[in-house]
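Using full-length UniProt numbering, you'd call the opening residue of the sequence shown number 1 and step up by one each time. Built from N, CA and C at the ideal position, the CB exists for glycine as well. On a predicted model such as this, the values are computed, not experimentally measured, just so you know.
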Amino acid sequence: MANYYCMDRTINRGFYKYGKLIARHPLVFLISPLIIVVLLAGGLSQFYFNDDVEYLFTPDDCRARIDGEFTSEHFLTGIEGGDFLPNRELELFNRRGRVIITAMDGKSALRRDVMADLLKLDQVIRSFNVTYNQTTVVTHEDVCQRFMGQCVDNEILKFYRGRIDEFENLTVTYPLSEIPIGFGLTIPAFLGPNLGGIMLDNNSNIESAQALRLFYSLGTEPEDDHLAATWELEFLKVVDEFQNRTSTMNIRTSTSMTLSVEVNEASYRVLPRFVATFCMLLLFAVCSCIMRDWVLSKPWLGLIGVISAGLSILSSIGLLSLIGLGYNEVVSLMPFLILGVGVDNMFIMIAAWRQLSLYLSVEERMGRTFSEAGVSVTITNLTTILAFIIGASSSLPGVRTFCIYNGVAMLFVYFYQITFFGGAMTLIGHREAKNLHCYTCKKVLPREESPNKFYLLFCSGGISRNKHKGHTIDLEHRIMKFFHLYYGPFLTKSWVKGTIVVLYLLYLGGAIYGCTQIKKGLSLKDLAINDSPTFQYYDLEDTQFREVGPAVSVIFKNELEYWNGTVRDRIENLTRRMEESDNVFGEEITQSWVRDFSRYWEGVQLHMPDKAKPGKESFMEVLTELFLNDPRYTMYQLDIHLVEDKETGEKTIQSSRLIVQTKNLFTIDDECRTMLELWDLAEESDLDVIAYHPAFVLYESYVLFVPSLLQALGITLVCMFVVAIIMIPHPVCALLVTLCVISIDTAVLGYMALWDVNLNPVSMVNIILCIGFSVDFSAHITYGFVIAPKEDTNSRAVYALHSLGMAILQGALSSIISISALSTAPVYVFRTFFKTLFLVMVFGALHGLVILPVILTFMGKCMPHRVPEEEKDKDAVAKQQKSTLLPSIPMKHTPGEREKVVIDLRVTTV
Numbered sequence: 001m002a003n004y005y006c007m008d009r010t011i012n013r014g015f016y017k018y019g020k021l022i023a024r025h026p027l028v029f030l031i032s033p034l035i036i037v038v039l040l041a042g043g044l045s046q047f048y049f050n051d052d053v054e055y056l057f058t059p060d061d062c063r064a065r066i067d068g069e070f071t072s073e074h075f076l077t078g079i080e081g082g083d084f085l086p087n088r089e090l091e092l093f094n095r096r097g098r099v100i101i102t103a104m105d106g107k108s109a110l111r112r113d114v115m116a117d118l119l120k121l122d123q124v125i126r127s128f129n130v131t132y133n134q135t136t137v138v139t140h141e142d143v144c145q146r147f148m149g150q151c152v153d154n155e156i157l158k159f160y161r162g163r164i165d166e167f168e169n170l171t172v173t174y175p176l177s178e179i180p181i182g183f184g185l186t187i188p189a190f191l192g193p194n195l196g197g198i199m200l201d202n203n204s205n206i207e208s209a210q211a212l213r214l215f216y217s218l219g220t221e222p223e224d225d226h227l228a229a230t231w232e233l234e235f236l237k238v239v240d241e242f243q244n245r246t247s248t249m250n251i252r253t254s255t256s257m258t259l260s261v262e263v264n265e266a267s268y269r270v271l272p273r274f275v276a277t278f279c280m281l282l283l284f285a286v287c288s289c290i291m292r293d294w295v296l297s298k299p300w301l302g303l304i305g306v307i308s309a310g311l312s313i314l315s316s317i318g319l320l321s322l323i324g325l326g327y328n329e330v331v332s333l334m335p336f337l338i339l340g341v342g343v344d345n346m347f348i349m350i351a352a353w354r355q356l357s358l359y360l361s362v363e364e365r366m367g368r369t370f371s372e373a374g375v376s377v378t379i380t381n382l383t384t385i386l387a388f389i390i391g392a393s394s395s396l397p398g399v400r401t402f403c404i405y406n407g408v409a410m411l412f413v414y415f416y417q418i419t420f421f422g423g424a425m426t427l428i429g430h431r432e433a434k435n436l437h438c439y440t441c442k443k444v445l446p447r448e449e450s451p452n453k454f455y456l457l458f459c460s461g462g463i464s465r466n467k468h469k470g471h472t473i474d475l476e477h478r479i480m481k482f483f484h485l486y487y488g489p490f491l492t493k494s495w496v497k498g499t500i501v502v503l504y505l506l507y508l509g510g511a512i513y514g515c516t517q518i519k520k521g522l523s524l525k526d527l528a529i530n531d532s533p534t535f536q537y538y539d540l541e542d543t544q545f546r547e548v549g550p551a552v553s554v555i556f557k558n559e560l561e562y563w564n565g566t567v568r569d570r571i572e573n574l575t576r577r578m579e580e581s582d583n584v585f586g587e588e589i590t591q592s593w594v595r596d597f598s599r600y601w602e603g604v605q606l607h608m609p610d611k612a613k614p615g616k617e618s619f620m621e622v623l624t625e626l627f628l629n630d631p632r633y634t635m636y637q638l639d640i641h642l643v644e645d646k647e648t649g650e651k652t653i654q655s656s657r658l659i660v661q662t663k664n665l666f667t668i669d670d671e672c673r674t675m676l677e678l679w680d681l682a683e684e685s686d687l688d689v690i691a692y693h694p695a696f697v698l699y700e701s702y703v704l705f706v707p708s709l710l711q712a713l714g715i716t717l718v719c720m721f722v723v724a725i726i727m728i729p730h731p732v733c734a735l736l737v738t739l740c741v742i743s744i745d746t747a748v749l750g751y752m753a754l755w756d757v758n759l760n761p762v763s764m765v766n767i768i769l770c771i772g773f774s775v776d777f778s779a780h781i782t783y784g785f786v787i788a789p790k791e792d793t794n795s796r797a798v799y800a801l802h803s804l805g806m807a808i809l810q811g812a813l814s815s816i817i818s819i820s821a822l823s824t825a826p827v828y829v830f831r832t833f834f835k836t837l838f839l840v841m842v843f844g845a846l847h848g849l850v851i852l853p854v855i856l857t858f859m860g861k862c863m864p865h866r867v868p869e870e871e872k873d874k875d876a877v878a879k880q881q882k883s884t885l886l887p888s889i890p891m892k893h894t895p896g897e898r899e900k901v902v903i904d905l906r907v908t909t910v
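Pasting the structure below:
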């Protein structure tokens, strides 16, 4: 028994002395933190907002990013003049304007009147002027992405431009259609990226299309990036003006900047909600600290507790801004979280204060308050900070930054709680000891000495130190009484405990079922504001343009003997295996220079046998001088990385690539499965090959969600268990807390899925932090149970509920209030944050106030009870009398004086 309580007693003794130190120097502990806040607030001058969506929500050390760096290094410049093609782009958010068209009447957009208006819109986009640097006037022609000296066009417009009068007679096949170029010749046009929500007849002819999509990619050099940004802004205005003039179609637009702008705006939009949350929480905290007794009421302490949490938020932002860590959309959720969690500790400390006799001195009450509440507060803060530290190891920069901000803020919460709040508690304790009114600070009479009813209701309070010396005064809060007299005894009835066990099993079954329904992913529209043009654009992309996925680059990294027919056969074999995938188009869409060159080489062997000699020299000559200059194959100049020897002039293919087109990626699981399948095929090949598209960085983050989450949860649970077994004076208690945390996490995961919340970066970090938060409720009740000076397990459970039930209820409600403003936020990320944390708080409170007390009544027999304080005090007095020959404590002392003598003797012996 003594071994279990050794650490507990040591920590309690330390907090006891620290609490008395605060009581002796309250102004030092009150003013010093304010000076620190003022100094750290200066860091706000370095505040900046990071709105780089790709950086924030994609892993920074993943395979796809490494592959992307190799691809950019070898295939960035394209052919002479910087020409490039959209299906070979290397960035997820490259400079461009994009348009999605739907018919205003909701019918097919592929009809004559809509297409006529669309061609007019295209003309407007290509012709509007942009003034740059107040002097230069440019058009789309000056900034467009080019190929072969011409602006890259949309295939659907090339198909209909100049043929609108014969619209009804044109047959459009999917995904390829033929575009006439004169003299009876045609060229194939891949219309897949331009058409969405299509319906085909039996001959693969398009009957209808719900949406049309156009791309206007920009090809400016990096030094002209500001020019491209200026064009994008004007593009949005011009299209918006055209929308006001058209009566046939709805237009949704997007550029490389719109999502970042939305993320930025969403973060600022949430600021008024934080102000509302702060006011609601302030009102709740103040009301929670008010009693019928106007001396014992502590409204100012409730106010200071909320302000203390606010100072933590300000200090963390100031400090991290000072060291250059940017703020972002996910971090904007931090103030809501810290405000709610930061107030919880206040209720624990006030609950400990209320249980102490008013006859004790303020210094003694502060010492005992910190002794009783210090361990609980330390456990909950330490486990929460550990959860944030582990979350900060995430490979997602947005999540990592969020955890760093919250971890630092929680450190400040703890620091200000045991300094600033402790100093304020001391001053309010002195007011209480002097029997001063909580608002007017005027001395008032106790309730039993009130001269009239009005005085009784609005002025009276406290105790008389001159009268009623043996009188017992009821000073408990009504909610504490409820837990002690009604709720606790009811919960410990046998039939109630049996019912709770059955209901818990049903609850756990629902959670496990929900875990089987978990979906992964964070769509780009989830980062935008609901129903904004950007949200609507990405929503249409998700719902209407899933038949055609990204064009994947299959890259051969090393030098190969391409002139060797066997090598080309191995490449062809790999290409065909990829084309056999259910989510990859066939040979008609694939763009493989190796395949086309092999056919070209056969023609050279037939018609120019003198050039088709075996060996590298003839191969490279035909490739560079004939094949790549043929208009049919010029695009392959983008896919072959040639290196020329400076001395000999000999050219070598250092690396090359081919393009396979994915299809039917209707869900995130389809995207991830297709990426992994292509990666597996690449790894199985005996060639050094990679498969890459910029979107693979997003897909890989989806794949890594579950393993990363399980790893983080495991590490956090182990750390939490170590903290619990050190701080809570019995190993069975630490085990129960751990099992409760697992139960809460399982429930949050399961019911989160049933509440339409996907597993994504935001919900993932919340689940990890769920461990830290769920410890709060379980640890408080378990610690209260294990230190209860009772022997009967039911009585110990009632004691724990009596001591901490109100504080847990207040903490859960304050946390829910702090995030409630996010429940109607116009951004999915914010609503996800609310849903997951709401589940954490509800299930945490449910475990702390219902499930765990019942379990403790069954398991309590395994945990020896603490010796009641009265018995310890008697032993301490007896020992002291024996060793010092002091006389027994005279009974003429008042109850308060006798308690003071006993406490002084007990503390001395400790």
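### Query
What residues in its chain sit with their C-beta under 7 Å from that of Glu207, if we drop five residues either side in the sequence?
Met199, Leu200 and Asp201
### Residue environment, Asn12, which counts as buried when at least 16 other CB atoms sit within 10 Å
buried
### Task
Indicate whether Ser395 and Asp60 have their beta-carbon atoms separated by less than 8 Å.
yes
### Query
If we count Cβ pairs, one from each stretch, closer than 8 Å, do we get three or more for the segment 308-316 versus the segment 24-43?
yes
### Query
So which of Thr782, Glu262 and Asp688 has the shortest CA-CA distance to Ala734?
Thr782
### Query
By how many angstroms is the C-alpha of Pro33 removed from the C-alpha of Thr716?
30 Å
### Message
Rounded to the nearest angstrom, what separates Leu491 and Val854 at their Cα positions?
### Response
7 Å
### Message
Less than 6 Å between C-beta atoms, sequence neighbours within five positions excluded: which residues of the same chain meet that for Ser763?
### Response
Val757, Thr832 and Thr836
### Task
Name the one or two DSSP bridge partners that Glu364 has.
In DSSP, Glu364 forms no bridge with anything.
### Task
Could you pull out every residue in the same chain whose Cβ sits closer than 7 Å to the Cβ of Glu587, ignoring the five residues on either side in sequence?
Glu579
### Task
Compute the Euclidean distance between the alpha carbons of Lys872 and Ala788, then round it to the nearest angstrom.
Note that Lys872 scores a pLDDT of 48, beneath 50, so its modelled location is shaky; the value from the coordinates is reported in the next line. C-alpha separation (whole angstroms): 13 Å.
### Query
Which one or two residues does DSSP pair with Phe49 in a beta bridge?
Tyr327
#### Entry: Backbone secondary structure at His641 - three-state DSSP
strand
### Query
Pick from His641, Pro175 and Ala309: whose alpha carbon is nearest that of Val37?
Ala309
### Query
Is the segment 281-301 touching the segment 346-357, taking contact as three or more C-beta pairs under 8 Å?
yes
### Task
Let me know if Val643 comes out buried or exposed under the rule of 16 or more other beta-carbons within 10 Å of its beta-carbon.
exposed
#### Entry: Range of the contiguous beta strand (DSSP E) that encloses Ser308
That residue, Ser308, is in no beta strand (DSSP E); its alpha helix (DSSP H) goes Pro299 to Leu322.
### Stretch pair the segment 611-631 + the segment 509-520: three plus CB contacts closer than 8 Å
no
### Message
How far does the alpha helix (DSSP H) with Ser256 in it extend, from its first residue to its last?
### Response
Neither: Ser256 is in no alpha helix (DSSP H) and is coded neither H nor E.
### Query
Taking buried to mean at least 16 other C-beta atoms within 10 Å of its own C-beta, is His25 buried or exposed?
exposed
### Query
Alpha carbon to alpha carbon, how far is Leu769 from Val737?
15 Å
### Query
Whose C-alpha, out of Ile390, Glu432 and Trp294, is nearest the C-alpha of Trp353?
Glu432
### Query
Straight-line CA distance for Val501 to His847?
12 Å
### Task
Flag this pair as yes or no: are the beta carbons of Leu658 and Thr575 separated by less than 8 Å?
yes
### Task
Report the residue from Tyr132, Phe84 and His437 whose alpha carbon sits nearest the alpha carbon of Gly149.
Phe84
### Query
Which first and last residues belong to the alpha helix (DSSP H) in which Lys481 is found?
Arg478 to Lys481
### Query
Out of curiosity, what's the CA-to-CA distance linking Val377 and Cys459?
33 Å
#### Entry: Range of the contiguous alpha helix (DSSP H) that encloses Ala352
Met334 to Arg354
### Query
Roughly how many angstroms lie between the CA atoms of Ala753 and His140, to the nearest whole one?
46 Å
### Task
Classify Phe696 as buried or exposed, calling it buried when 16 or more other Cβ atoms lie within 10 Å of its own Cβ.
buried
### C-alpha distance - Ala511 paired with Thr674, whole-angstrom precision
30 Å
### Buried or exposed (CB count within 10 angstroms, at least 16 for buried), Cys441
exposed
### Query
Considering Arg65, what are the terminal residues of the alpha helix (DSSP H) in which it resides?
Arg63 to Phe75
### Closest residue to Ile181 among Val413, Leu296 and Phe159 (Cα-Cα distance)
Phe159
#### Entry: Trp439, buried or exposed, once every other Cβ within 10 Å from all chains shown has been counted against 16
Looking at the sequence provided, one finds Tyr at residue 439 rather than Trp. Looking at its Cβ environment, which holds fewer than 16 other Cβ atoms inside 10 Å, Tyr439 is exposed.
#### Entry: Segment limits, alpha helix (DSSP H) that includes Gln810
Thr793 to Ser820
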